[in-house]
Amino acid sequence: MSRTNINFDNKRNELANRLWDIFIAKGYENTTLSLIIKELDISKGAFYHYFSSKEECADAAIENRVSFWINGVSSAVSGKLNAIDRLKQIFLKCIKINTGSQQDEKINDPSNKIFHQKLMVALIKGFSPIYADIISQGNNEGFFKVRYPLETAEIMLTISNFYMDEDLFKWKPEAMSIKFAAFKEVLTNILETDEKTLNFMDELVV
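No gaps in the numbering here: position 167 of the sequence shown is 180 in my numbering, and each next residue is one more.
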């Protein structure tokens with residue numbers, strides 16, 4: 014890759030990182046191109062050198078942030094662990110990502126509906142191959158009996174990122190422990206594993 018391309022990608026990633034904060038703070042619906050250009054403090058010509066529309070800005074911001082999270086999670090589960098330990102580690106990392114963010118409430122704001130939907134899709138598509146690899150390893154090690162690892166991973170992530178979203182559904186705190194227990198039971202069934210295999214999940218309830 015030429016130096017020009019590297020510089021372009023680096024600058025675009027830098028802008029995408031700042032765009033994330035803009036969309037979270039202002040809301041996707043409330044964010045105009047003129048506002049973006051003003052907040053980025055660049056000329057209109059410079060803006061169109063990197064992005065063609067508000068939607069492309071949102072996609073770039075989400076791709077940049079999800080890639081950052083994926084890199085962090087991948088490094089934590091790439092060691093010589095068995096499938097169950099890897100699954101525990103990835104759950105811990107993902108919980109840390111969610112609880113470490115003060116932006117959840119803003120992401121779930123009605124003005125960020127489109128942005129939130131895009132983020133959900135990116136999270137499921139981005140993380141499912143990692144989960145699928147763990148599931149396949151679990152099959153080989155005799156922990157799981159899953160015919161469709163990738164699709165099963167997508168289902169797991171859809172439940173965890175959508176149904177278990179306390180802010181989105183306005184679930185009461187006292188209801189979350191029951192929903193988490195139900196989620197554990199669903200995972201036990203779709204992974205076709207022993208009911209004690211996922212007992213580590215009980216430690217994750219806070």
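Cβ coordinates follow ideal geometry from the N, Cα and C atoms, glycine included.
Our contact map puts F175 next to T206 with C-beta atoms below 8 Å; I'd like the distance itself, whole angstroms only.
Position 162 of the sequence shown, counted from the first residue, corresponds to residue 175. Position 193 of the sequence shown, counted from the first residue, corresponds to residue 206. About 23 Å; that fails the 8 Å criterion.
For F156, name the three-state secondary structure that DSSP assigns.
Numbered from 1 along the sequence shown, position 143 holds the residue referred to as residue 156. Here F156 sits in coil by DSSP.
Excluding five sequence neighbours on each side, which residues of the same chain lie with their C-beta closer than 7 Å to the C-beta of T171?
Residue numbering aside, residue 171 sits at position 158 when the sequence shown is read from its first letter. Excluding positions up to five away in sequence, the list reads I137.
Exposed or buried, K131, counting other C-beta atoms within 10 Å across all chains shown (16 or more means buried)?
Counting from 1 along the sequence shown, the entry for residue 131 is found at position 118. It counts as buried.
If we ignore side chains and look at the alpha-carbon of each, how far apart do K6 and F182 end up?
Nothing can be reported for residue 6, as the shown portion of the chain is limited to 14 through 219.
Helix, strand or coil: how does DSSP classify N202 here?
Here residue 202 refers to the residue found at position 189 when the sequence shown is read from its first residue. N202 falls in the helix class under three-state DSSP.
Can I148 and L204 be called in contact, C-beta distance under 9 Å?
Taking the sequence shown and counting its residues from 1, one reaches residue 148 at position 135. Taking the sequence shown and counting its residues from 1, one reaches residue 204 at position 191. For I148 and L204, yes; Cβs fall inside 9 Å.
So what does DSSP say about Y144, is it helix, strand or coil?
Within the sequence shown, residue 144 is the residue found at index 131, counting from 1. In this structure, Y144 counts as helix in the three-state DSSP scheme.
For the alpha helix (DSSP H) that contains K51, what are its first and last residues?
One-based indexing of the sequence shown puts residue 51 at position 38. In the DSSP assignment, K51 falls within the unbroken alpha helix (DSSP H) covering L46 to L53.
Go to K209, then tell me how far its alpha helix (DSSP H) extends in each direction, as first and last residue.
The residue given as residue 209 occupies position 196 in the sequence shown. Segment: none, K209 is in no alpha helix (DSSP H) and carries neither H nor E.
Check the C-beta distance from A145 over to E76 and give it rounded, since I have them as a contact under 8 Å.
Your numbering for residue 145 matches position 132 in the sequence shown. Your numbering for residue 76 matches position 63 in the sequence shown. Rounded, the Cβ-Cβ distance is 20 Å, inconsistent with contact.
Where A73 and N26 are concerned, what is the direct C-alpha to C-alpha distance, given to the nearest angstrom?
Within the sequence shown, the letter at position 60 stands for residue 73. Within the sequence shown, the letter at position 13 stands for residue 26. Each residue's Cα considered, the two are about 8 Å apart.
Assign T44 to one of two classes, buried (16 or more other C-beta atoms within 10 Å of its C-beta) or exposed (fewer than that).
Your numbering for residue 44 matches position 31 in the sequence shown. With 16 or more other Cβ atoms within 10 Å, it is buried.
Just the C-alpha distance for N121 and S173, rounded to the nearest angstrom, thanks.
The sequence position of residue 121 within the sequence shown is 108, counting from 1. The sequence position of residue 173 within the sequence shown is 160, counting from 1. The alpha-carbon atoms of N121 and S173 are separated by roughly 15 Å.
Between the alpha carbons of K126 and I49, how many angstroms are there, rounded?
Stepping through the sequence shown from its first residue, residue 126 is reached at position 113. Stepping through the sequence shown from its first residue, residue 49 is reached at position 36. Going by the C-alpha atoms only, they are around 18 Å apart.
Measuring CB to CB, does E42 end up less than 9 Å from S124?
Within the sequence shown, numbered from 1, the residue matching residue 42 stands at position 29. Within the sequence shown, numbered from 1, the residue matching residue 124 stands at position 111. Yes, they are a contact pair.
If you draw a straight line from the alpha carbon of Y161 to that of E52, how long is it in whole angstroms?
Taking the sequence shown and counting its residues from 1, the one referred to as residue 161 is at position 148. Taking the sequence shown and counting its residues from 1, the one referred to as residue 52 is at position 39. Y161 and E52: Cα-Cα distance of roughly 45 Å.
Roughly how many whole angstroms lie between the Cα atoms of D215 and S66?
The residue given as residue 215 occupies position 202 in the sequence shown. The residue given as residue 66 occupies position 53 in the sequence shown. Going by the C-alpha atoms only, they are around 45 Å apart.
State yes or no: is the C-beta of V90 within less than 9 Å of the C-beta of K109?
By one-based count along the sequence shown, residue 90 stands at place 77. By one-based count along the sequence shown, residue 109 stands at place 96. Result no, Cβ atoms of V90 and K109 do not sit closer than 9 Å.
Helix, strand or coil: how does DSSP classify L94 here?
In the sequence shown, the residue the question calls residue 94 occupies position 81. The answer is coil: DSSP assigns L94 none of H, G, I, E or B.
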